[in-house]
Amino acid sequence: MSLNSSKCPKCEGESKLRPRDFSDQAIATLVAHGDLDKKLVGASICDECYDDLRDVLIEHQRAPVTKPAPSQNPAVAFAKQKKAS
Ligand SMILES: [Zn+2]
0 MSLNSSKCPK CEGESKLRPR DFSDQAIATL VAHGDLDKKL VGASICDECY
50 DDLRDVLIEH QRAPVTKPAP SQNPAVAFAK QKKAS
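Going by numbering that gives the first Met the number 0, the residue at position 15 of the sequence shown is 14; the numbering climbs one at a time, nothing skipped.
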């Protein structure tokens, strides 16, 4: 029996848990993508889950959800033209 080991709230595995200090922005991103349950925000998780979250966070930062909207949508421009004529 180990005093340092307890049940990880994320993967439910017995492991050494530690509090993780993600930035507010990182937490918001992870929660928005459903990678981190809101109830786990601020919770201590195991190394494995922490590594997973860091990995997915890097992926999300590479491909942001909110893409810059094109200044002109061809379909909309076409529809407007058609209406005007
Ligand atoms: Zn875990």
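For glycine and all other residues, C-beta sits at the position ideal for the given N, C-alpha and C.
* Candidates G41, V30, K37: closest to L56 by CA position -> V30
* In terms of DSSP beta bridges, what is R17 paired with? -> I44
* Asked: Distance, Cα to Cα, R17 vs D23?
  -> Near 18 Å, if we compare the C-alpha coordinates of D23 and R17.
* In three-state DSSP terms, what is K6? -> In this structure, K6 counts as strand in the three-state DSSP scheme.
* Between which two residues does the alpha helix (DSSP H) carrying D36 extend? -> Unbroken run through D36: none, as it is neither H nor E.
* May I have all residues whose beta carbon comes closer than 7 Å to any heavy atom of ligand 1, sorted in chain order? => C7, K9, C10, G12, S14, I44, C45, E47, C48
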